[in-house]
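For the sequence shown, full-length UniProt numbering assigns the number 1 to the initial residue and increments by one for each residue that follows.
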Amino acid sequence: MLTALTPQAPDKILALMAAFREDPRPGKIDLGVGVYKDASGLTPVMRAVKAAERQLVEEQDTKAYTGLAGDPAYADALSDLVLGDARPEGRLAAVATPGGTGAIRQGLELIRLATPEARVWMSNPTWPNHPAIVGYLGMPTASYRYFDDDTRGVDFDGMVEDLAGVAAGDAVILHGCCHNPTGANLTLDQWRTIADLLADRGAVPFVDIAYQGFGDGLEADAEATRLILQSVPEAIIAASCSKNFGIYRERTGLLMAMAPSADHLKVTQGAMASLNRLNFSFPPDHGARVVTMILTDDTLRADWAAELEEVRLGMLGLREALATALRDRVGSDRFGFLAAHRGMFSRLGATPEQVEAMRRDHGVYMVGDSRLNIAGLNAQTVPILADAIVAAGV
Ligand code: PLP
Ligand code: TYF
1 MLTALTPQAP DKILALMAAF REDPRPGKID LGVGVYKDAS GLTPVMRAVK
51 AAERQLVEEQ DTKAYTGLAG DPAYADALSD LVLGDARPEG RLAAVATPGG
101 TGAIRQGLEL IRLATPEARV WMSNPTWPNH PAIVGYLGMP TASYRYFDDD
151 TRGVDFDGMV EDLAGVAAGD AVILHGCCHN PTGANLTLDQ WRTIADLLAD
201 RGAVPFVDIA YQGFGDGLEA DAEATRLILQ SVPEAIIAAS CSKNFGIYRE
251 RTGLLMAMAP SADHLKVTQG AMASLNRLNF SFPPDHGARV VTMILTDDTL
301 RADWAAELEE VRLGMLGLRE ALATALRDRV GSDRFGFLAA HRGMFSRLGA
351 TPEQVEAMRR DHGVYMVGDS RLNIAGLNAQ TVPILADAIV AAGV
């Protein structure tokens, strides 16, 4: 049986991690996988997470199974963080999932269960796991233009033109904030246009929000998601706590589905719980419990939000520093887009050959599509990267 297996396509981002590890050069710079790093290159456990975990070790008196949907208190706390006043009371189904990826997988399975013929639209480019999972599930796909190679901003006209082709019942994956891999994002007015367009056509938005708090702040980053929810009758949202709580390996996500009416809530919730059962039974609990403790305790929550804000501002500072270093070197604002982008990533717009030259000649590792993780930089490495970008002729 196993002899029938053929090699699977590797994840290019994860393959880059391995290549970086094997590079013996001491000055190498890792701008690959999307993990936050502080100025010393560490991915710290956040203070509030440590405090909640300590408390949990002391106070938790059972590790018996939760429920197929996870702890309802987690769904309440996280859906409130993401959706705020736009949370549709009495119409929101939610299940805990193993990470944001688990939420995406379960959300796609929910769509397929409901309407196997629905097309899934994805931005070009998008996070590679989107097309990989959609393709594995055998769902029909379509893509919409997103990135303008010249301006390194959003190709909004192209996006609107392409999305005009959605059919009623199609699902459209949207990055709620901090687009991965480009870093280019819509303005709120542009989001309004997209939300209205999808509402007009009867398409179902599928919002993937994995970086709330990494762009313009916790509230600002959730605005697009909230606006979309207020514009359409039904929507799906996959939220991840990996980045904004720094609990990557705890696998903490939430799948939410806004039912078109209260009458559809029970069957939607039941389908989502059933899909959890069929894939893994009970979702992981540790990260979800820690998140719940933080969000429901004023002191822990304030400390978490403050530390997250430091992280966000640190990345913004690095963006400014890199854009300035490049302006000094090229004598124009050609790289100003780096300061305008938001989130962990920016697509530099370098060719694969230029990306390879930066790796070979300068030990700078970025993903082959020239996505760089801003958090991989610090004050010492910004000028090194700027030199490498100029030397490669980007
Ligand atoms: N969606 C996007 C666009 C991402 O970049 C990520 C990665 O962090 C995720 C979802 C979910 O990540 P995780 O499964 O680690 O929560
Ligand atoms: O895009 C990234 O780098 C992060 C982390 O299969 C990641 O989202 C990368 C690849 C992957 C899972 C997570």
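Note that the Cβ used here is the ideal one computed from N, Cα and C, for glycine as well.
- If you ignore the 5 residues before and after Gly27, its C-beta comes within less than 8 Å of the C-beta of Gly363 and Ile384, all in its own chain and listed in chain order.
- Beta-bridge annotation (DSSP): Phe147 is paired with Val154.
- A buried status is given to Glu109, since no fewer than 16 other beta-carbon atoms sit within 10 Å of its beta-carbon.
- Residue burial annotation: Leu278 is exposed, with fewer than 16 other C-beta atoms found within 10 angstroms of its C-beta.
- Across the structure, Leu316 and Arg192 are spaced so that their CA atoms are roughly 26 Å apart.
- The stretch 76-85 and the stretch 133-151 do not touch, with fewer than 3 CB-CB distances between them shorter than 8 Å.
- For His175, there is no enclosing alpha helix (DSSP H); the enclosing beta strand (DSSP E) has its first and last residue at Ala171 to His175.
- A direct Cα-to-Cα measurement between Arg47 and Asp387 gives close to 36 Å.
- Taking a contact as a CB-CB distance under 8 Å, the pair Val166 and Trp121 counts as one, their CB atoms being some 6 Å apart.
- Checking the DSSP bridge columns, you'll see Leu137 has no partner listed.
- Given a length threshold of 3 residues, the stretch 255-315 has no whole run of the beta strand (DSSP E) inside it.
- The secondary-structure analysis by DSSP pairs Phe345 across a beta bridge with Asn373.
- The Cβ-Cβ distance between Gly215 and Cys178 falls below 8 Å.
- In this structure, the alpha-carbon of Lys266 lies about 14 Å from that of Pro72.
- Where Leu92 is concerned, the enclosing beta strand (DSSP E) starts and stops at Leu92 to Thr97.
- A distance below 7 Å between beta-carbons, with the five flanking residues on each side excluded, links Gly183 to the following residues of its chain, in chain order: His341, Arg342, Gly343, Phe345, Ser346 and Arg347.
- Positions of the beta strand (DSSP E) runs, each at least 3 residues long and wholly inside the stretch 47-123, are given as 92-97 in order along the chain.
- In this structure, the alpha-carbon of Met159 lies about 45 Å from that of Met1.
- The continuous beta strand (DSSP E) containing Asp208 extends over residues Val204 to Ile209.
- Short of 6 Å from the beta carbon of Glu250, and not among the five residues preceding or following it, lie these beta carbons of its own chain, in chain order: His286 and Gly287.
- Nearest to Glu89 by C-alpha distance, out of Ala224, Ala257 and Pro24, is Ala257.
- Note that the stretch 36-43 does not touch the stretch 51-58; fewer than 3 beta-carbon pairs, one per stretch, sit closer than 8 Å.
- For Ala239, the enclosing beta strand (DSSP E) covers residues Ala235 to Ser240.
- The nearest non-hydrogen atom of the ligand TYF is 7 Å or more from the C-beta of Thr126.
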